[in-house]
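Take the sequence shown: its letter number 594 is residue 594 in UniProt numbering, and every next letter is one higher.
What follows is a set of notes on a single structure, which appears directly below.
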Amino acid sequence: MSSSSSEGQGKPKSPLRKRGSLQSTTSPDLRGVAGQAKPLNPQRSLPGTPISHTLKHFPINLRTSMDGKYKEIAEELFTRSLTESEMRTAPYEFPEDSPIEQLEERRQRLERQISQDIKLEPEILLRIKQEFMKIDSAADLEFMNELGGVDRTDDGWMKERVLPMEREYQRVSISGEEKCGVPFTDLVDAAKCVVKALFIREKYIALSIQNFCKTTAHELGELGEKPLDLRIYEEIPETPVDADAPVHPPVSETHPYENQDTKNMPADTGYSCKMVDGVMHVYTKKSPMEKSTELDLPYPDLKEYIADMNVMMALIINGPVKSFCYRRLQYLSSKFQMHILLNEMKELAAQKKVPHRDFYNIRKVDTHIHASSCMNQKHLLRFIKRAMKKYPGEIVHMEHGRGQTLMEVFESMNLTAFDLSVDTLDMHADRNTFHRFDKFNAKYNPIGESILREIFIKTDNHIEGKYFGHMIKEVMADLEESKYQNVELRLSIYGRSRDEWDKLAQWAVKHQVYSDNVRWLIQVPRLFDVYRTKKQLANFQEMMENIFMPLFEVTINPRSHPELHLFLQHVVGFDSVDDESKPEHHIFNMDSPLPADWTEEDNPPYSYYLYYTYANMAVLNHLRRRRGFHTFVLRPHCGEAGPVHHLVSGFMLSENISHGLLLRKAPVLQYLYYLAQIGIAMSPLSNNSLFLSYHRNPLPEYLSRGLMVSLSTDDPLQFHFTKEPLMEEYSIATQVWKLSSCDMCELARNSVLMSGFSHKAKSYWLGPKYSKEGPESNDIRRTNVPDIRVAYRSETLLEELNLITHAVRTKELDNIDEEDTLSMAPIGAEGR
């Protein structure tokens, strides 16, 4: 909530603190006159972009029974994860003999048995649903007026508010004390732990100018005894989009890469930059001989990050917290089932009332797809055959200093255009790739030949990515023809050399690879060990410099890299990719080598990569904000396989993640991801071929509980067959899991919300008020999601937040016996 001008004028300006502190204030030129927060319009964002002010200390007492033991607990967990890396599940998930897991398996078997044995006649089922529809809506409205709506009172509970008639629906309410089903002492301790975790995430997300859930931020803000200047959230300015505007944003009249003059680009600031201990620092003068001061561009202190990581690791294995979160998740699932029983017909009726709009013509974003495999295998086959007929004499490869034409490359393989088929390409994942990431990576090579991958699906080759650029533009043309499908393609920056960014930008500009339907994310493969073994890098800091130095240079002086400046206007964030199931041989703590000292050939752990990527991105975001450029977000692959602590790093540092399968085994983290509404881009068909069979995928469970999930394709070249892979993903999910039309439209709406498309585009696609909270944010004429569903999600989230914040406010228990509440039993004995 932005402060008023009078408040800003009345308070003295805080002195700038030492760089690297989480208490660093925003520098003067980042604020407006009279101390007002200067609005920022990020190109990519959910509403509620926080400014850089953050909390070093929590606003209230959140002392729990584990205080003082975080480091010991976390180190024990990390050690277990190294020594027991061959275990089927992560060591701090529920063991095989855990009562909770047994109950869960028993419940699933019972549900399957019931579904097989009980078959209701269609007319009986219809009659039951019609009975639900006959409930007196006037009596319901009167009852809800007595109970109240979703507005909050001073003590955090609901106050009375009359809801509009069209948003009325059948609600399930739980009355009485201790309604969460756990002992009161456990509730207070668990609530404090959950709130502490949310404060930790809020701190790191605010520090890097990413997006934190507005509703959660407001609830956490009410926990402070008095308003804190360090906890200000800027409102996105009112959009110029009219409520009755068409659903299609204006199409770009000119190509963004055409007729660009470097003289019209922003001028050089005269700053210089240098990497210190793995993180970029920016100085006011270019020459080191001149008197230079460092710009105040805050990033998370390594010592504090390690401490917060230890806190989070300890929380996820705390017994009372696990029990509390598991019960709340089960409650959320059951509550959604009741909601569907009572309101499914009303939701369907609301959708039928909307003219023209249906699932086919609402906006959908493929939030996780790699550019190198964004086409299907038939598209690639046709393109290769067309290239062989059109450019047979073009030199496409250098072999031993001699140029090879496209025809000569295929002749060396004893192949002609007629010989090629989808089966010959052999790029589709099959049963042999399950749990074999090495075999899956080999599928990227057409006909098993890496030379064809280099020629056709690389941006940096002898023909400067000509074929790949043309193929991407054909995919873009298909998207533009469909109108309603959009994608966020991943392009790779490896960090092996300093000129990778310039080559990538020149590829995009030269071949005019752009579409209004496409935004880019930059993926950084975690392959330092490979490059170090080949002597391509001296240390880890060199890799970080190669990735981030060009970005700082182009931000300081756009004219130094004009193509890169143009290209970055359509880049929304960073991704971290590789096989998460690879064992890690190192624990990231204060004893870990700094990036300049990491010269061994072992790969750094996942959290090491993520922290230094995040820290540099945070500094870059503050610099870009100072210059008026859009900022970036972190959206890594996380929780597909491997240890659960990857999800802890993702929770602390990332705006969204991709996959998140392991949340199904970590109830504390799953509940935290729900409360923080962290976007999860899930790819069931990809998981089905690599890590988890389709019927075991947790997506329908996540959706029913209210997590912010969306459907994505990952790699259409390997997993899909049709020209519209995203529709293929939706259709299979709908058939297998029996999703309703409302469920499908909710998934599509989630995909737009968590995407990196501009605020203006989202205003056209979702409605001008999409950034507000609750059903007011929804425009069913654009989203085809009934207000009933949006209201249910909003009210349920508020109830959960109210439950934990109300427990934290309780003063009855100040001292909690550590021995009674701290559960740190051996893994094999837990739950016995």
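From the three backbone atoms N, C-alpha and C, an ideal C-beta is built for every residue, glycine too.
Less than 8 Å separating the beta-carbons of residue i and residue j?
{"i": "residue 721", "j": "residue 685", "result": "no"}
{"i": "residue 671", "j": "residue 201", "result": "no"}
{"i": "residue 639", "j": "residue 663", "result": "yes"}
{"i": "residue 766", "j": "residue 782", "result": "yes"}
{"i": "residue 807", "j": "residue 188", "result": "yes"}
{"i": "residue 297", "j": "residue 623", "result": "yes"}
{"i": "residue 634", "j": "residue 653", "result": "yes"}
{"i": "residue 726", "j": "residue 734", "result": "no"}
{"i": "residue 612", "j": "residue 544", "result": "yes"}
{"i": "residue 552", "j": "residue 280", "result": "yes"}
{"i": "residue 500", "j": "residue 494", "result": "yes"}
{"i": "residue 655", "j": "residue 211", "result": "yes"}
{"i": "residue 616", "j": "residue 548", "result": "yes"}
{"i": "residue 481", "j": "residue 788", "result": "no"}
{"i": "residue 511", "j": "residue 458", "result": "no"}
{"i": "residue 707", "j": "residue 219", "result": "no"}
{"i": "residue 754", "j": "residue 650", "result": "no"}
{"i": "residue 454", "j": "residue 507", "result": "no"}
{"i": "residue 666", "j": "residue 692", "result": "no"}
On the CB-based measure, 16 or more other CB atoms within 10 Å of its CB, does residue i come out buried or exposed?
{"i": "residue 533", "result": "exposed"}
{"i": "residue 390", "result": "exposed"}
{"i": "residue 197", "result": "buried"}
{"i": "residue 696", "result": "exposed"}
{"i": "residue 370", "result": "buried"}
{"i": "residue 361", "result": "exposed"}
{"i": "residue 416", "result": "exposed"}
{"i": "residue 225", "result": "Here residue 225 scores only 49 on pLDDT, less than 50, and its place in the model should not be relied on; the value that follows carries that caveat. The residue in question, residue 225, is exposed, as its Cβ has fewer than 16 Cβ neighbours within 10 Å."}
{"i": "residue 208", "result": "buried"}
{"i": "residue 387", "result": "buried"}
{"i": "residue 26", "result": "Bear in mind that a pLDDT of 38 at residue 26, under 50, signals an unreliable position, so the number given afterwards is only what the model happens to contain. With 16 or more other Cβ atoms within 10 Å, it is buried."}
{"i": "residue 176", "result": "exposed"}
{"i": "residue 278", "result": "buried"}
{"i": "residue 174", "result": "exposed"}
{"i": "residue 857", "result": "Coverage of the chain is limited to positions 1 through 832, which leaves residue 857 absent and any answer about it impossible."}
{"i": "residue 399", "result": "exposed"}
{"i": "residue 677", "result": "buried"}
{"i": "residue 682", "result": "buried"}
{"i": "residue 402", "result": "exposed"}
{"i": "residue 156", "result": "For residue 156, the predicted model reports a pLDDT of 40, less than 50, meaning its position is unreliable; a value from the coordinates is still stated below. Residue 156 should be labelled buried."}
Along the chain, where does the beta strand (DSSP E) that runs through residue i open and close?
{"i": "residue 575", "result": "571-577"}
{"i": "residue 280", "result": "279-283"}
{"i": "residue 398", "result": "395-399"}
{"i": "residue 402", "result": "402-405"}
{"i": "residue 525", "result": "518-525"}
{"i": "residue 490", "result": "485-492"}
{"i": "residue 497", "result": "Looking at the DSSP string, residue 497 is not in any beta strand (DSSP E), and its letter there is neither H nor E."}
What whole-angstrom Cβ distance do residue i and residue j have, given they're in contact under 8 Å?
{"i": "residue 254", "j": "residue 797", "result": "At roughly 42 Å, the Cβ-Cβ gap does not stay under 8 Å, so residue 254 and residue 797 are not in contact."}
{"i": "residue 523", "j": "residue 492", "result": "5 Å"}
{"i": "residue 486", "j": "residue 363", "result": "7 Å"}
{"i": "residue 554", "j": "residue 521", "result": "About 18 Å; that fails the 8 Å criterion."}
{"i": "residue 578", "j": "residue 526", "result": "4 Å"}
{"i": "residue 570", "j": "residue 519", "result": "6 Å"}
{"i": "residue 470", "j": "residue 395", "result": "Contact doesn't hold; Cβ gap of about 17 Å is too wide."}
{"i": "residue 316", "j": "residue 661", "result": "About 16 Å; that fails the 8 Å criterion."}
{"i": "residue 580", "j": "residue 529", "result": "Not a contact, Cβ separation roughly 15 Å."}
{"i": "residue 418", "j": "residue 784", "result": "The pair is not a contact, with the Cβ atoms about 47 Å apart (cut-off 8 Å)."}
{"i": "residue 310", "j": "residue 193", "result": "Contact flag wrong, Cβ pair sits at about 13 Å."}
{"i": "residue 367", "j": "residue 710", "result": "5 Å"}
{"i": "residue 632", "j": "residue 608", "result": "The pair is not a contact, with the Cβ atoms about 20 Å apart (cut-off 8 Å)."}
{"i": "residue 252", "j": "residue 516", "result": "6 Å"}
{"i": "residue 313", "j": "residue 73", "result": "7 Å"}
Quick check on the DSSP output: the alpha helix (DSSP H) that includes residue i runs from which residue to which?
{"i": "residue 747", "result": "741-753"}
{"i": "residue 321", "result": "319-352"}
{"i": "residue 193", "result": "184-207"}
{"i": "residue 308", "result": "302-315"}
{"i": "residue 478", "result": "466-482"}
* Decide if the stretch 264-273 is in contact with the stretch 535-546; the criterion is three or more beta carbon pairs, one per stretch, under 8 Å apart. => With the rule of 3 Cβ pairs closer than 8 Å, the stretch 264-273 does not count as touching the stretch 535-546.
* Would you call the stretch 345-362 and the stretch 731-751 in contact, with 3 or more CB pairs under 8 Å? -> With the cut-off at 8 Å, the stretch 345-362 and the stretch 731-751 touch.
* **Cβ contact check for the stretch 754-772 and the stretch 331-351: 3 or more pairs under 8 Å** => no
* Asked: Is it a yes or a no for the stretch 372-382 touching the stretch 410-424, going by three-plus beta-carbon pairs under 8 Å?
  -> Using a Cβ-Cβ distance cut-off of 8 Å, the stretch 372-382 and the stretch 410-424 are in contact, since at least three pairs of beta carbons, one from each stretch, lie closer than that value.
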